[in-house]
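Residue numbers (the numbering used here), protein chains in the order written: chain A, 281 to 380; chain B, 123 to 430.
Below is one structure, written out as structure tokens; the observations come after it.
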Amino acid sequence: MTQVYPEFAEELERFGIDTTMDCFNCGTCAAICPLIYEHFPRKMIRYAQIGAKDRILENYEDLWRCLHCGLCIQTCPREADPGDLILGLRRFVVDNWRRS
Amino acid sequence: MYNPKNIIDVLADNIRKTRNPFGAGNSTMNKWWKKTPLRTEGDAMLYTGLMYQLMPYINKTTHQIERFEDTAIANYVGYQKYVPKLLVKSAFAFMPVRKDKKRYNNILKNIVKLLDKSHVDFFYKPKLDFYSGILLYDLGDNEGFIEHAKFVAGKLKEMGIKKLITVDPHTTYALKVLYPKYTGISFDVKTYFELINFEAQDEGRQITLHDPCFYGRYLELSDVPRKIFDRFGIENIDVRNSGKFTSCCGGPAESISPALTKEILTKRYAHLQETGKPLVAMCPVCLGNLIKIGADVEDLSEFLGHYA
């Protein structure tokens with residue numbers, strides 16, 4: 281069972297991300313991403329939107345596959361900056377490591 | 123893939139102690155300026171951010187990291203913490219080949235030549251030329267990045283530096299975009315190729331420019347070298363994914379997963395080869411990767427240096 285934290289999007293603002301809820305999950309980011317890897321970054325963004333923190337922490341390695349190349353930021357129709365959101369999630373995970 | 127936590131810990135610790143990711147003093151790797159006549163006073167400071175100087179060490183380290191990725195040694199829990207540290211140190215244990223160092227040092231000398239030819243009033247102070255800390259930012263260690271950025275920006279401000287001439291996209295992005303945001307200190311930042319101002323003619327020459335992600339998208343500077351090529355009569359034959367829609371060389375994954383870098387690089391190189399023209403790169407990381415895969419490639423400064 282996955283516990284969800286609806287206020288997670290607000291928590292992410294502390295990590296420089298204020299576009300979490302802008303994404304409407306169209307999948308353009310996953311289509312353009314050079315990784316072509318299991319709906320990345322779309323799936324991670326969905327986890328962030330619903331606040332599935334455990335899923336993010338369990339699958340943290342996926343976050344570091346991101347090249348931060350910016351193609352998803354360039355093409356996102358919602359200007360939700362998916363690549364920056366992934367960077368924000370890395371900061372969240374690093375912060376979690378350092379506090380635990 | 124290596125555990126990012128261990129890689130971040132090693133890099134953050136090295137940067138905190140020595141101000142560069144390899145844990146050696148800056149003076150150990152920043153030697154290109156010796157025997158190069160450079161002014162110490164002027165309008166703008168040439169700021170290399172040590173990226174080109176670090177490349178021979180990065181090449182050496184990633185070669186070692188690549189050998190152990192996803193092997194029992196890298197994955198053995200007890201060693202996971204120590205393997206990255208040992209491998210980063212090995213860059214110094216097996217010193218980079220002289221030829222590799224010479225090429226990257228010459229790139230910086232070429233940039234000086236291009237600025238001189240363009241009558242740019244600039245100076246260089248090696249003791250103020252620090253690594254930007256961009257790798258910490260990219261890997262998600264914002265705390266470490268901000269601490270380092272404040273140190274670097276503070277030093278530059280203390281010495282009255284206001285204008286910086288940069289040589290690579292990652293340092294340019296850090297100084298131009300991230301430093302004002304995270305340190306509150308701003309500089310007037312320009313890349314060396316924005317300052318190129320001389321004429322040359324080489325009608326009929328054809329090349330293919332590989333845009334790095336940070337110049338192409340984040341800083342939107344792709345048109346600048348293209349205008350220089352036009353002026354010189356050189357034809358740049360673009361691949362489909364260029365400019366704002368350029369494709370990554372895979373470099374950013376190098377410290378965590380050289381295998382992923384290889385996969386992305388192989389695809390990009392296949393696209394670049396479609397034009398059949400010699401390649402020109404504008405970023406030390408892209409250049410290093412394209413050399414590694416066997417491309418006929420020059421750095422922009424090496425290429426333009428032929429005309430200076």
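Backbone N, C-alpha and C fix where the C-beta goes; we use that ideal spot for every residue, glycine too.
Remember, predicted model here, so these are calculated numbers, not experimental data.
By the Cβ-count criterion, P357 (chain A) is exposed, with fewer than 16 other Cβ atoms from all chains shown falling within 10 Å of its own Cβ. Taking a beta-carbon distance threshold of 8 Å, E341 (chain A) counts as an interface residue toward chain B. For the segment 342-360 of chain A, residues whose beta-carbon sits nearer than 9 Å to a beta-carbon of chain B comprise L343, W344, R345, C346, L347, H348, C349, G350, L351, I353, Q354, T355.
Nearest in C-alpha terms to Y337 (chain B), of all of B:L394, B:C408, B:E269, is B:C408. Membership of Y179 (chain B) in the alpha helix (DSSP H) is indicated by the continuous run 173-190.
For D260 (chain B), the C-beta contacts it makes with chain A under 7 Å involve H348, in order along the chain. Spanning the alpha carbons of L317 (chain B) and L237 (chain B) requires a straight line of approximately 7 Å.
Taking K277 (chain B) as the centre and dropping the five residues before and after it, the same chain places the C-beta of L250, F252 closer than 8 Å to its C-beta, in chain order. The C-beta of P126 (chain B) comes closer than 8 Å to at least one C-beta of chain A. Around the beta carbon of R189 (chain B), fewer than 16 other beta carbons sit within 10 angstroms, so the residue counts as exposed. Counting the other Cβ atoms within 10 Å of the Cβ of Q175 (chain B) gives 16 or more, which makes it buried. Inside the segment 288-321 of chain B, DSSP marks whole beta strand (DSSP E) runs of 3 or more residues at positions 310-313, from first to last along the chain. Burial of S254 (chain B) is indicated by the presence of at least 16 other C-beta atoms within 10 angstroms of its C-beta. When beta bridges are read from the DSSP output, F367 (chain B) appears opposite no residue.
In the DSSP assignment, F244 (chain B) forms a beta bridge with B:A166. In chain B, no part has a C-beta under 9 Å from the C-beta of V284 (chain A); the shortest such distance is about 23 Å. Residues of the segment 310-328 of chain A that bring their beta carbon within less than 7 Å of a beta carbon in chain B comprise P314, in sequence order.
Residue contact check for R138 (chain B) against chain A: no CB pair falls below 8 Å. Under DSSP, the beta-bridge partners assigned to I329 (chain B) are B:N358. Around the beta-carbon of Q329 (chain A), 16 or more other beta-carbon atoms lie within 10 Å, marking it buried. With respect to L387 (chain B), L394 (chain B) sits apart: the two C-beta atoms are not nearer than 8 Å.
In the three-state DSSP reduction, V234 (chain B) falls in the helix class (H, G or I). Annotation: V419 (chain B) to P362 (chain A) spans about 32 Å, alpha carbon to alpha carbon.
The alpha-carbon separation between T355 (chain A) and N264 (chain B) amounts to approximately 25 Å.
In the DSSP annotation of this structure, the continuous segment of the beta strand (DSSP E) that includes A403 (chain B) starts and ends at 401-403.
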